[in-house]
Amino acid sequence: MGQVCRHLCGFGGCLIATESWKATVLSTRSTSYVPDSLYFVNPFVPHQVEETSLASSPAVTFEVLQQRLEKRLGFRGVQVKEVQHVEYCLFPMNLPLPSLDQAVMGFGGAASLVHPALGYMVGALLRRAPGVAKTIAHAVGNLEAPPIRIAAPTWQTLWSSDERRKRALYLFGLENLMRFDEQTLQAFFASFLQLPQSQWTAFLANTLSTPEMLQTMMNLFGHTTPEVRWDLIRSAWSERALLWDALVASE
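Here the sequence shown is numbered in this note's numbering, starting from 3 and rising by one per residue.
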C-alpha cells in the first residue's frame, strides 16, 4: 500500500496477466523459469496493488513477485511516491490430511482446512464449527471416555467421506491450475465464469455436495475450449490417484 502519482487501473478495478506485457517487460529467462503471476487493483482502494501467484509448487518467491510488481508499475508509467505498508501472504493449499485416528483434535490450518482452490478457509471454519462443537459436546458427556474416543467422532464430523472426496477433486483442479500455460489458464477461467453463477460461487465457497461438484466440473468440461478439455483429459491419467481418492473415500 502506498501513494502513487495517478490511478493505478483505468478499468475501475482489474486483474491483469497479459502476454504483451510479459513479452515487453520480462526477460526470456524470467518467463521460462517462473510461473505466471497476476496484478490486482482494488477498485475501492486504488492505492493498494497486489502481485500474486495463483498456484505454484514450489511457491514463487516474494523477491520475484516484488520485482515483477515494480517492473509492471514501471511499464504502466506509475510512479510510487511512498510505500506505506507491504504485506506478505503465503497460503499452503495442498497440505496432506491430518491423521484422523489421533487423539489430538485439530481445526483450521492445523486440520488442513485451507481451501485447495482458493487458499481461504474462514468461511469453511464458520460453517463447520457448529457441527464440530456439537460432536465434542456429545462426546465429552461420557466423563470416562478417553481422548481418542472423543476425537474420533469429531474428526469424522470435520472430515466426512464427502468432504474428503471433494478435497480430492479440488486438489485435482489445483494440479491443473499449476500445469496450465497462460493461454489455457485464461480460457479455463473464462469457461468457469460462464457457468451459472450459483454453480461457480458454490464451487468456490465449498458448499456443493460431491455429486453437485462433479456436475459443475462436467458442465465446464462440456463448454470449455478443446485445448482446456484435452489438458483435463491428460491430467485425468497423470492425477488418477486423486480421482481414485474421490471415488473410494470411506466413512
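Using N, Cα and C, we set each Cβ at its ideal position, and we do this for glycine too. Just so it is clear, the structure is predicted and the values come from calculations on it, not from any experiment.
If you draw a straight line from the alpha carbon of Phe-77 to that of Gln-69, how long is it in whole angstroms? Counting from 1 along the sequence shown, the entry for residue 77 is found at position 75. Counting from 1 along the sequence shown, the entry for residue 69 is found at position 67. Distance between the alpha carbons of Phe-77 and Gln-69: 12 Å.
Rank Met-219, Arg-169 and Leu-206 by C-alpha distance to the C-alpha of Pro-98 and give the top, closest one. Here residue 98 is taken as the residue at index 96 of the sequence shown, counted from 1. The shortest CA-to-CA distance from Pro-98 to any of Met-219, Arg-169 and Leu-206 is the one to Arg-169.
With distances taken between CB atoms, is the gap from Asn-178 to Ser-114 smaller than 7 Å? Start at 1 with the first residue of the sequence shown, and residue 178 comes out as number 176. Start at 1 with the first residue of the sequence shown, and residue 114 comes out as number 112. The answer is no: Cβ separation not under 7 Å.
As a quick exercise: from Gln-50, Gly-175, Leu-210 and Gly-111, pick the residue whose alpha carbon is nearest that of Phe-223. By one-based count along the sequence shown, residue 223 stands at place 221. The residue with the shortest Cα to Cα distance from Phe-223 is Gly-175.
Taking the Cβ atom as the reference point for each residue, do Met-180 and Ala-57 lie within a distance shorter than 7 Å? The residue labelled residue 180 in the question sits at position 178 within the sequence shown. The residue labelled residue 57 in the question sits at position 55 within the sequence shown. Result yes, Cβ atoms of Met-180 and Ala-57 sit closer than 7 Å.
Would you say Val-134 and Thr-159 are within 7 Å of each other, going by their C-beta atoms? Here residue 134 refers to the residue found at position 132 of the sequence shown. Here residue 159 refers to the residue found at position 157 of the sequence shown. Taking 7 Å as the Cβ cut-off, Val-134 and Thr-159 qualify as a contacting pair.
Select from Ala-248, Leu-245 and Asn-208 the residue whose C-alpha is nearest the C-alpha of Arg-130. Residue numbering aside, residue 130 sits at position 128 when the sequence shown is read from its first letter. If we check each option's Cα against that of Arg-130, Asn-208 comes out closest.
Quick check on Gly-15: buried or exposed, where buried means 16 or more other Cβ atoms within 10 Å of its Cβ? For the purposes of this step, residue 15 is taken as residue 13 along the sequence shown, with counting starting at 1. At Gly-15 the pLDDT is 42, less than 50, meaning the model places this residue with poor confidence and gives no usable figure here.
Whole-angstrom distance between Ala-153 and Ser-162, CA atom to CA atom: Along the sequence shown, read from residue 1 onward, the residue named residue 162 stands at position 160. Along the sequence shown, read from residue 1 onward, the residue named residue 153 stands at position 151. In a straight line, the C-alpha of Ser-162 is about 13 Å away from that of Ala-153.
Under the three-state DSSP convention, the category Met-180 falls into: Mapped onto the sequence shown, residue 180 falls at position 178. Helix, per DSSP.
On the premise that Leu-102 lies in contact with Leu-173, defined as a C-beta separation below 8 Å, what is that separation, rounded to the nearest angstrom? Taking the sequence shown and counting its residues from 1, one reaches residue 173 at position 171. Taking the sequence shown and counting its residues from 1, one reaches residue 102 at position 100. 17 Å between Cβ atoms; not a contact.
Going by alpha carbons, who is nearest to Thr-137 out of Leu-234, Trp-157 and Thr-218? Taking the sequence shown and counting its residues from 1, the one referred to as residue 137 is at position 135. Out of Leu-234, Trp-157 and Thr-218, Trp-157 has the C-alpha closest to the C-alpha of Thr-137.
Considering only the beta carbon of each residue, do Ala-248 and Arg-167 sit closer than 7 Å? In the sequence shown, counting from the first residue as 1, residue 248 sits at position 246. In the sequence shown, counting from the first residue as 1, residue 167 sits at position 165. In this structure, Arg-167 lies closer than 7 Å to Ala-248 by Cβ.
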